[in-house]
Each structure stands twice: as structure tokens, then as C-alpha cells.
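Colleague: Okay, handing you the structure first.
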């Protein structure tokens, strides 16, 4: 299966680069990713002599969730991509909503992990003792069997820090280690954003290492710009209104305003499990 073309350097938005191919191309299902909880189909998409691998998640294959009664998971995945692109960080692979072999669904660019890069799990670790160590941020203590505990840590990596900010904005309820994908040229992507944009606080993540710390100057600048993009009538707000409920869109604006007001990474609320299960 041919690998998708290489992407630009980290932090460069790629909006529109693959949207036409993913939106207009012919989808051919070549397999199923069986580890996923919902139907996830690996496809090739072809349009005007260009082709690429992609992931197709039909709405019909979604399992209903008690706490997400409005909208559907596919639309939230697309909304996450749009917000990611508005930040300019390009943290979510190109994602579109379209019809496919099994009806409407989310279609997302396939990210090929470069040889030798491993997986997103390399950004996470369990360490002995109570100190994270240089280059790592502590998250929480975890049971590792036989009455022993270890400290769960993640890398003190600017790419992860950007992703932590994005997750706070979209209210990601499921940021697991397996949802981190190293891409070509040092890129890092987050995937599986179906459980996002709830109007209530649902943030569950393994990226709590910066909780309570000041946001970077870059993040504050990005959030200020994002606030403008979310204003009523702005193109991003108009597109999100087609994917989310009015309450969910209002909550996105509130979360961005709260981040700008406090100037810090959020802390766990204590009213919702802070870490997803399973964490990988």
C-alpha cells in the first residue's frame, strides 16, 4: 500500500492540502482496524490520478454513548480538525465529512509513522520513584501489580504541550497514549476525536503534566486569534455551527475565554475521571 506524501514541518497548518482528494475521491475499502471500539475502515481514495490511504468511520458503525446525546462522533472529529487548523498548529490529520460505501462518515488522512519513530507510546513512560526526571512531566501514580506503584509521566515536549492546549479547547474526553501519532519530519498528530466538544467539562487526558502552569506566549497568541475565529459570523464559527449544537459551540467560546482569562493550563475538575481508561 503506497505511503501518503510527506507533510510540511511541525506547526504549519495544512488546511486544504488534502481536503479535495478526501472529499471528492473514490473510496475503496481495503480492510478494517479491529482494535477500535467503533467501525474504522482503512481505505484508499483516488481522484484525478492522485491517491492516498485514509481512514473511514461511517456513522452507522458508531456505538451510541450516554453522555453524547447530541450530534454524532464523526462530526466532532471534523470539528476537531477545523479548530486544530484554526490554531495553525496542524495537530489533526486532514478530516472531512462525506458519503462513503456505508453512508455518511468521517474520512481522515492516514498518517504513516516513519521507520524508527515508533509510536506515541514513546512519549509516555512509567518510572520508579516519585520524581519524573529531566525531560519528563509527572501525571499520576499507577498500580503496576503486586502492590507496587509507578509514576506515569509524559515527555516535556512542545508538540505535546500544544496538543494539551487544543484538548482543553475541544474538551477532549479521551486523550490516550495510542491516540498520539508521530508523523514525517518530526510532526506529531492526535487522532480519535469523537468524544469532544461536550458542553460540560469532560476533559480526560494523559497530558496533565502542565496543569496549573502558565500558558506559553505562543499559546496565548493562538488562543486570542482563535477567540476571534469563534465569533458569531466568522467562517470557523459558521462551519462549527453545522457540526455542533448551539450549547456546544457556546461552550467552546467559554473555554477559550477561560484559558485566556487564567493564562494557565487547566487542572482536573475533580468532578470527572481525569485520566481515560484504558490509558493506552
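Numbering (this note's numbering), first residue to last: 63 to 342.
For each residue, glycine too, the CB sits at the ideal point set by N, CA and C.
Since the model is a prediction, treat every value here as computed from it, not as a measurement.
(1) Using DSSP's beta-bridge definition, name the partner residues of residue 170.
(2) Quick check: the Cα distance between residue 140 and residue 315, rounded to an integer number of angstroms?
(3) To the nearest angstrom, report how far apart residue 184 and residue 320 are at their CA atoms.
(4) Buried or exposed: where does residue 188 fall if 16 or more other Cβ atoms within 10 Å of its Cβ makes it buried?
(5) How is residue 89 classed by DSSP in three states: helix, strand or coil?
(6) From residue 85 to residue 91, what distance separates their C-alpha atoms?
(7) Can you find a C-beta in chain D that's less than 8 Å from the C-beta of residue 332?
(8) Please report the distance separating the alpha-carbon of residue 112 from that of residue 211.
(9) Report the option in 159, 303, 234 whose CA atom is closest to the CA atom of residue 121.
(10) Taking all protein chains shown into account, do 16 or more other C-beta atoms lie within 10 angstroms of the C-beta of residue 272, making it buried, or fewer, making it exposed?
(11) Grab the span of the beta strand (DSSP E) containing residue 18 for me, first residue to last.
(12) What do you get for residue 66, buried or exposed, if any count of 16 or more other CB atoms within 10 angstroms of its CB means buried?
(13) Just reading off the alpha helix (DSSP H) that residue 290 is part of, what are its end residues?
(14) Could you tell me which residues DSSP puts in a beta bridge with residue 199?
(15) What residue range is occupied by the uninterrupted alpha helix (DSSP H) comprising residue 308?
(16) Alpha carbon to alpha carbon, how far is residue 269 from residue 338?
(17) Return the first residue and the last residue of the beta strand (DSSP E) that residue 244 is part of.
(18) Pick out whichever of 276, 305, 312, 233 has its Cα sitting closest to the Cα of residue 289.
(19) In the DSSP assignment, find the beta strand (DSSP E) that holds residue 251 and state where it starts and stops.
(20) Which two residues bound the contiguous alpha helix (DSSP H) that contains residue 60?
(21) Going by alpha carbons, who is nearest to residue 94 out of 115, 213, 127?
(22) Please check the pair residue 226 and residue 214, which I expect to be a contact at CB under 8 Å, by giving their CB distance rounded to whole angstroms.
(23) Taking three-plus beta-carbon pairs below 8 Å as touching, is the region 146–156 in contact with the region 249–260?
(24) With distance defined between alpha-carbon atoms, name the residue in 323, 118, 331, 174 nearest to residue 245.
(25) Once DSSP output is grouped into helix, strand and coil, what is the label at residue 125?
Modeller: On the basis of the supplied data:
(1) 117, 157
(2) 17 Å
(3) 32 Å
(4) exposed
(5) strand
(6) 15 Å
(7) Note that chain D does not occur in the displayed structure, where there is just one protein chain.
(8) 51 Å
(9) 159
(10) buried
(11) Nothing can be reported for residue 18: it is not among the residues displayed for the chain, which extend from 63 to 342.
(12) Summary for residue 66: the model assigns pLDDT 31, below 50, so the residue's position carries little reliability; its value from the coordinates is reported in the next sentence. Per the 10 Å Cβ criterion, buried.
(13) 279–291
(14) 216
(15) 308–324
(16) 11 Å
(17) 242–244
(18) 312
(19) 250–252
(20) Here the chain covers residues 63 to 342 and nothing more, so residue 60 does not appear.
(21) 115
(22) Not confirmed; about 15 Å, so no contact.
(23) yes
(24) 174
(25) coil
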